[in-house]
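Asks: Encoded as structure tokens, here's the structure I'll be asking about.
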Amino acid sequence: MTAALETRTRAWNAAMSASPGPLELTVEASRIDGVVPHALRGGRLLSNGPGWTHIGGRLAHPFDGHGYVRAFEFQPDGSMTLRARFVQTPAYTSEAAAKRLTHRGLGTNLGDHFWQNLKFGNGLRNVANTTIVRWNGKLLAGWEGGAPYAVDPTTLETLGEETFGGVLAGQATLAHMKHDVALDRLVTCSIKMGPTTTLTFREFDAAGRLLDTRVAPMPGSLFAHDFVITPNWYVLASNPLQMKWGELAKAVFGASTLMNAIASDARVPGAVYLVPRRTPGPVRTVTLPGRAFVVHYGNAFERDGAVHLDACLFHDFAFGAEFGFRGPNAPLDPALPDTRVPQHLYRIVLPDGATSGTWQQLAPHGVDFPRVHPGHEGRETPLLFGATRADTRHSDPFDSLLRVDLRDHSKPPQTWFAGDNVFVGEPIFVPSPERDHEGHVVAIVSDGAAERSTLVVLDASNLEAGPIARVPMPLLPYAFHGTWDRAL
Ligand SMILES: [Fe+2]
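Residue numbers (numbering that gives the first Met the number 0): 0 to 487.
What follows is the structure, encoded as structure tokens:
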């Protein structure tokens, strides 16, 4: 290993595995480099991600780390407060008491020998570590494969599993949820995987009451982590999966993991499913010009009957290199994701009634964590922000922020580079109340080598100018997803 890779590995592991525990702190305005814009004061950035992964001498896959909710609140006087709490799931309370792994995860076993993993009584390792949304007076910490956990919006104390009156109980629900602002509805998607797949989309009103349910049986096995909505469709890529049945059998008996038992199916061409929303009708399958595997979507909208979709798209996808995870007894390898071709941002157009669509790559960079104006989900929006790598040959770990002008695809994207071995999380766009295409971008960047994180604020019109405010923080674990929240 070269000295440079050794430094990078140390920095990446420090940033990914930081575990400061519950936090309560204030950063005075005098310690902030620059000035927090008045437009942000009184609001807060919420984020969620794994906050405890080194457990009892083993490294859990980051997907299996315990949910750690953070609230960065911009105060009227220009200071910032940070409150952080673990989500008190049964898996968390059990492992906090035992100080070791007690629940098997998506990519984590309890021990290296299968007999150490033959425990079926503990249920799912729902660690509520992936998303955070405010709904019905609560914060919902979402996880892949179960109901979200409700968290008190002020104290961040855990209120319990949120099943919407039992509707999501026992349902393998995706971590990503969508907010239809025009109708003020929360949209969820549950998935039943197997030789064929059943997707169930549900829509809840502002009081958490179920309004609509759409069950969509799909051919074959598919992978879904995210989806998007338009007024008339639920939209997601077909993401064909090949189940490795032998590996799945081994996983059941503790000799492998669920993550090892699935692979993208290279034999099947890329396609997008359009599932009718709120009206009956068949699911439309629209084929794409090449292979496609999508983890995250930016947005979708309808124009003249066509569906336009912005997605971060892999042509070739392999499970297992996420965050450089090499198993419970080795450090994360930040060079491991470099072995795959990065995902790129595409605008996909699915014409009205057509069975095939077109696509256009919008940036030369590898892009993930695509985010748009929070009020524009499902309708046309001018800007998209994402996390990227300055070196366009590579994908994660990300070191830069990216801004794409969706109104003019000929314009090159803007980027801001945070520094060597400084890791950049998901950017959140906080639009100006007056002008949709202006506002600020907030993100957390972590320098693992210097053991510090920084909340950065940038002018959304000019990312290249760099942060207009930098709020110093202790080293915080890399988060997955966040949201902008109004003042309490
Ligand atoms: Fe995600």
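Ideal Cβ placement from N, Cα and C applies to all residues, glycine included. Since this is a predicted model, take the numbers as computed values, not measurements.
Only counting the same chain, and skipping five residues up and downstream in sequence, which positions put a Cβ closer than 6 Å to that of Q413?
Replies: Result list for Q413: R402, L462 and E463, in chain order.
Asks: From which residue to which residue does the beta strand (DSSP E) around A44 run?
Replies: Sequence inspection shows Leu at residue 44; the Ala mentioned does not correspond to that position. It spans R43 to P49 - the beta strand (DSSP E) in which L44 sits, taken as one unbroken run.
Asks: What residue ranges within the region 65-119 form continuous beta strand (DSSP E) runs of no fewer than 3 residues, ordered along the chain?
Replies: The region 65-119 contains these whole beta strand (DSSP E) runs: 66-73 and 79-85.
Asks: How is the beta strand (DSSP E) around W232 delimited, first residue to last?
Replies: It spans W232 to A236 - the beta strand (DSSP E) in which W232 sits, taken as one unbroken run.
Asks: Where does N461 fall in DSSP's three states?
Replies: Reduced to three states, the DSSP call for N461 is coil.
Asks: For V214, is the classification buried or exposed, using 16 other Cβ atoms within 10 angstroms of its Cβ as the cut-off for buried?
Replies: Exposed, since its Cβ has fewer than 16 Cβ neighbours within 10 Å.
Asks: Is it buried or exposed for N328, if we count other Cβ within 10 angstroms and need 16 for buried?
Replies: Classification for N328: exposed.
Asks: So what does DSSP say about D367, is it helix, strand or coil?
Replies: In this structure, D367 counts as strand in the three-state DSSP scheme.
Asks: CA-CA distance, T154 and K410?
Replies: Distance between the alpha carbons of T154 and K410 is about 44 Å.
Asks: Quick one: grab the DSSP three-state call for E321.
Replies: E321 falls in the helix class under three-state DSSP.
Asks: My guess is that N128 and G48 are in contact by the Cβ rule of under 8 Å, so how many angstroms apart are they, rounded?
Replies: The Cβ separation is near 6 Å, so the contact holds.
Asks: Does the Cβ of S29 have 16 or more other Cβ atoms within 10 Å, making it buried, or fewer, making it exposed?
Replies: Flag for S29 reads exposed.
Asks: For N298, report the span of its beta strand (DSSP E) as first-last.
Replies: Here the beta strand (DSSP E) through N298 covers F292 to R302.
Asks: Would you mind reading off the limits of the beta strand (DSSP E) that contains E160?
Replies: E160 -> beta strand (DSSP E) spans T157 to E160.
Asks: Within the same chain, show all residues whose beta-carbon is closer than 6 Å to that of F313, passing over the 5 residues directly before and after it, in chain order.
Replies: Closer than 6 Å at Cβ, skipping near neighbours: F292 and Q342.
Asks: Per the DSSP calculation, S394 is bridged to which residue(s)?
Replies: Looking at the DSSP assignment, S394 forms no beta bridge with any residue, so it has no partner.
Asks: Using a threshold of 8 Å, state whether the C-beta atoms of H178 and L167 are closer than that.
Replies: No; because the gap between Cβ atoms is not below 8 Å, this pair is not in contact.
Asks: Return yes when at least one heavy atom of ligand 1 lies under 7 Å from the C-beta of A13, else no.
Replies: Incorrect: A13 has no Cβ contact closer than 7 Å to ligand 1.
Asks: Whole angstroms are fine: how far does the CA of V274 sit from the CA of T229?
Replies: The alpha-carbon atoms of T229 and V274 are separated by roughly 10 Å.
Asks: Looking only at C-alpha atoms, which of V294, G207 and V132 sits nearest to N238?
Replies: If we check each option's Cα against that of N238, V294 comes out closest.
Asks: Which residue spans inside the region 388-454 form an unbroken alpha helix (DSSP H) run of at least 4?
Replies: Listed in chain order, there is nothing to give.
Asks: Counting pairs of beta carbons, one from the region 73-89 and one from the region 35-47, are three or more of them closer than 8 Å?
Replies: The region 73-89 is in contact with the region 35-47.
Asks: What's the gap between the Cα of S431 and the Cα of I54?
Replies: Taking the straight line joining both Cα atoms gives about 42 Å.
Asks: Strictly closer than 7 Å from CB to any heavy atom of ligand 1: give me those residues in the order they appear in the chain.
Replies: Taken from the N-terminal end onward, the list reads T129, T130, A174, H175, H224, D225, V294, H295, F479 and H480.
Asks: Starting from W11, follow the alpha helix (DSSP H) in both directions and report where the run begins and ends.
Replies: Segment A2 to S16, the alpha helix (DSSP H) holding W11.
Asks: Could you check if H263 is buried or exposed, using at least 16 other CB atoms within 10 Å of its CB as the buried criterion?
Replies: The question names His, but residue 263 is Ser in the sequence shown. S263 comes out buried.
Asks: Please state whether the Cβ-Cβ distance between M217 and T199 is less than 8 Å.
Replies: The answer is no: Cβ separation not under 8 Å.
Asks: Restricting to Cα atoms, I'd like to know which of D183, V267 and T212 is closest to G219.
Replies: If we check each option's Cα against that of G219, V267 comes out closest.
Asks: Expressed to the nearest angstrom, what Euclidean distance is found between the alpha-carbon atoms of D211 and F203?
Replies: Approximately 7 Å, taken between the alpha carbons.
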